[in-house]
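Presented below is the structure to which this report refers.
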Amino acid sequence: MDQHLGRAFSTEVVRREIDAITSLDEAKRAAHLLLQQIEVQRQAMDLLIRMDWDSNDVI
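The numbering of the sequence shown is the working numbering, which starts it at 573 and goes up by one.
Dropping the structure here:
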């Protein structure tokens, strides 16, 4: 359920960014910000995977 809410939130964020674009400069800025958000989410997922992997080693 949380995964679906996360996707819906991300989709809404992307939709709002696209709706706000009125020039090429704004499009470049929006794309850059979205790429930054994707990178932060990737790093968070990597961390969660490592934490889960480490917790499984304890068992």
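Ideal placement from N, C-alpha and C gives every residue a C-beta, glycine not left out. These numbers come from a predicted model, not from an experiment.
Contact belief for residue i with residue j at Cβ below 8 angstroms, rounded distance in angstroms
| i | j | result |
| --- | --- | --- |
| L606 | E589 | 6 angstroms |
Cα-Cα separation, residue i to residue j
| i | j | result |
| --- | --- | --- |
| Q615 | R587 | 23 angstroms |
| D624 | V612 | 18 angstroms |
| L619 | I610 | 14 angstroms |
| D597 | D626 | 44 angstroms |
| R622 | N628 | 10 angstroms |
| I617 | H604 | Note that residue 617 is Met in the sequence shown, not Ile. Cα to Cα, the separation comes out at about 20 angstroms. |
Residue i Cβ short of 7 angstroms to the ligand MN heavy atom set
| i | result |
| --- | --- |
| Q608 | Absent from the structure shown: the ligand MN. Ligands present: none. |
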